[in-house]
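Quick notes on the structure that follows.
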Amino acid sequence: DPHDRAADRPADMMLNGVEVPLRANIGIYTQPISFIGLPVVAVPIPLKPLPIGVQIIAAPWREDIALRIAHWLECERVAVSPRPTL
2 DPHDRAADRP
12 ADMMLNGVEV
22 PLRANIGIYT
32 QPISFIGLPV
42 VAVPIPLKPL
52 PIGVQIIAAP
62 WREDIALRIA
72 HWLECERVAV
82 SPRPTL
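The numbering used here puts the first residue of the sequence shown at 2, with every later residue one more than the last.
Shown next as structure tokens:
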């Protein structure tokens, strides 16, 4: 199927020479928050030696706040989101 982009997405990543399944870990920490009805955004922060991230959790129905804070972190270059290849 030409619309299936799964081949373009990385299935695994290397962490200190160890292959770690990426797909299984996507959303592992944000899903429980989302399940209880709170909007949550995970933002990667590339610090050495390991990358970390923050979760921004907002009040119910206030996705705008979580997204605004995530956007601010990106604009201030605190967070770096990978850009998809088109």
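All C-beta atoms in this analysis are idealised placements derived from N, C-alpha and C, irrespective of residue type, glycine included.
Please read these numbers as outputs of a predicted model, since none were measured by experiment.
Keeping to the same chain, check which residues put their C-beta closer than 7 Å to that of Leu68; ignore five residues upstream and five downstream. Val42.
Quick one: using the 10 Å Cβ neighbour count with 16 as the cut-off for buried, is Pro40 buried or exposed? Here Pro40 is buried, its C-beta having at least 16 other C-beta atoms within 10 Å.
For Ala80, count the other beta carbons within 10 Å of its own beta carbon; 16 or more makes it buried, fewer makes it exposed. Which is it? Buried: at least 16 other Cβ atoms inside 10 Å.
Quick check: what's the CA-CA separation for Ala71 versus Glu77? In this model, Ala71 and Glu77 are separated by some 10 Å (Cα to Cα).
Leaving out five residues on either side along the sequence, give the residues of the same chain with a beta carbon under 7 Å from the beta carbon of Glu64. Only Pro40 meet the Cβ criterion.
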